[in-house]
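Trainee:
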């Protein structure tokens, strides 16, 4: 059943999202030289939220969310944006941006088994192949040749990223079972508001009041991360999902870790090892396989619902 929407707009939004999110964590890595990590996270969410709210206000689409959507606002804004991004940003003090982004896209390892066990999704051969592929890719990132297990800071940073993936996976499961009432795009500024509150609270507790000095470079990073990555990026991913088939948007977004890794290797001195490269390929293959395995069942459900 085709998705109703503006395909051209969706395609532009998808490419925009890849560019925004693909440069986000490189920008975040650079910010560590100028700004405290938690305050950087809080301010970029604040700037992004104001940007999206302003755009929606001019479009006449800025609205108070329905009470039924408050749980998903707290889940996406508080956990996936606020907690996830705060931990991820702190982990970048120890981990390269490319590796971190690749590791961040291993949610299929956690989401797929939970969906099969508790949401009634079926395990077929293609799903199993995708799950095994993603798991092998995940394990490649932690083999002794790729990760120095004697370096406690590196191990701690990677553990933080795994925690992020588990949190993100939990929110994905919540999104699958939640029936949204408010317009999807209209929820974005509320996500970012909650994320700002979470990140700012953590910043006050762990980094103190925002008395740091920000130079021209710091403000440039702030504005890029806030307006482009958090603002335009979240508009892009929401618009792409609304206007493109689920398979197209899901697979298209795999361009994010690829771009992040390329930029990190080219400009931040990250070394592209065989383990990292093969891990990325296997993870992407796994996500593609799991995505395609879900399509026949979705079409079957659509036919049954049409009867």
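In the working numbering, the protein residues as written are 616 to 922. All C-beta atoms in this analysis are idealised placements derived from N, C-alpha and C, irrespective of residue type, glycine included. As the structure is a prediction and not an experimental result, all values here were calculated from the model.
1. Should residue 638 be labelled buried (16 or more other beta-carbon atoms within 10 Å of its own) or exposed?
2. Taking the alpha carbon of residue 564 as the reference point, which residue from 849, 823, 788, 690 has its own alpha carbon closest?
3. Tell me whether residue 796 is buried or exposed, calling it buried when 16 or more other Cβ atoms sit within 10 Å of its Cβ.
4. Expressed to the nearest angstrom, what Euclidean distance is found between the alpha-carbon atoms of residue 772 and residue 706?
5. Is it a yes or a no for the segment 627 to 644 touching the segment 808 to 816, going by three-plus beta-carbon pairs under 8 Å?
6. Are the beta-carbon atoms of residue 687 and residue 803 separated by less than 8 Å?
7. Specify the secondary structure class of residue 774 as computed by DSSP and reduced to three states.
8. At a cut of 8 Å, does the segment 671 to 685 reach the segment 762 to 771 through at least three beta carbon pairs?
9. Check for me: the alpha helix (DSSP H) holding residue 714 runs from which residue to which?
10. List the endpoints of the continuous alpha helix (DSSP H) containing residue 659.
11. Measure the alpha-carbon distance for residue 631 versus residue 864 and round it to whole angstroms.
12. Going by the beta-carbon positions, is the gap between residue 780 and residue 719 smaller than 8 Å?
13. Where residue 774 and residue 714 are concerned, what is the direct C-alpha to C-alpha distance, given to the nearest angstrom?
14. Considering Cα atoms alone, identify which of 829, 908, 881, 788 is closest to residue 648.
15. Using a Cβ-Cβ cut-off of 7 Å (strictly less than) and excluding sequence neighbours within five positions of residue 915, which residues of its own chain qualify?
16. Can residue 622 and residue 800 be called in contact, C-beta distance under 8 Å?
17. Would you identify the three-state DSSP class for residue 649, choosing helix, strand or coil?
18. Verify the contact flag: residue 672, CB atom, against every heavy atom of the ligand PLP, threshold strictly below 7 Å.
19. I'd like to check one pair, residue 724 with residue 753: are the Cβ atoms closer than 8 Å?
20. Does the contact criterion of 3 or more C-beta pairs under 8 Å hold for the segment 725 to 737 versus the segment 873 to 893?
21. Using the C-alpha atoms, what's the distance from residue 891 back to residue 898?
Mentor: With the structure as the only source:
1. Start at 1 with the first residue of the chain shown, and residue 638 comes out as number 23. Classification of residue 638: buried, given that the 10 Å Cβ count is 16 or more.
2. Past the edges of the chain, shown from 616 to 922, lies residue 564, and the structure says nothing about it.
3. Sequence index remark: in the chain shown, residue 796 carries index 181 (1-based). Burial call: exposed.
4. Taking the chain shown and counting its residues from 1, the one referred to as residue 772 is at position 157. Taking the chain shown and counting its residues from 1, the one referred to as residue 706 is at position 91. Each residue's alpha carbon lies about 5 Å from the other.
5. no
6. Indexing the chain shown from 1 puts residue 687 at position 72. Indexing the chain shown from 1 puts residue 803 at position 188. No, Cβ-Cβ distance for residue 687 and residue 803 is not below 8 Å.
7. Here residue 774 corresponds to residue number 159 of the chain shown, with the count starting at 1. Residue 774 falls in the helix class under three-state DSSP.
8. no
9. Numbered from 1 along the chain shown, position 99 holds the residue referred to as residue 714. Here the alpha helix (DSSP H) through residue 714 covers 712 to 719.
10. Residue numbering aside, residue 659 sits at position 44 when the chain shown is read from its first letter. Element bounds for residue 659: 652 to 674.
11. Residue 631 sits at position 16 when you count from the first residue of the chain shown. Residue 864 sits at position 249 when you count from the first residue of the chain shown. Each residue's Cα considered, the two are about 12 Å apart.
12. Locating residue 780 in the chain shown gives position 165, counting from the first residue. Locating residue 719 in the chain shown gives position 104, counting from the first residue. Closer than 8 Å, so yes.
13. What you label residue 774 is simply residue 159 of the chain shown in a count that begins at 1. What you label residue 714 is simply residue 99 of the chain shown in a count that begins at 1. Spanning the two alpha carbons is a distance of roughly 13 Å.
14. To locate residue 648, count along the chain shown from 1; it is residue 33. The residue with the shortest Cα to Cα distance from residue 648 is 829.
15. Counting from one through the chain shown, the residue named residue 915 turns up at place 300. Low per-residue confidence applies at residue 915: pLDDT is 47, beneath 50, and the placement is therefore not dependable, though the value from the model is reported in the following sentence. Closer than 7 Å at Cβ, skipping near neighbours: no residue.
16. As a working mapping, residue 622 is identified with position 7 in the chain shown. As a working mapping, residue 800 is identified with position 185 in the chain shown. It is not a contact, given that the beta carbons lie outside the stated cut-off.
17. For the purposes of this step, residue 649 is taken as residue 34 along the chain shown, with counting starting at 1. The answer is coil: DSSP assigns residue 649 none of H, G, I, E or B.
18. Summarising the ligand content, the structure contains no ligands, and the ligand PLP is consequently not present.
19. Mapped onto the chain shown, residue 753 falls at position 138. Mapped onto the chain shown, residue 724 falls at position 109. Contact: yes.
20. no
21. Your numbering for residue 898 matches position 283 in the chain shown. Your numbering for residue 891 matches position 276 in the chain shown. Taking the straight line joining both Cα atoms gives about 10 Å.
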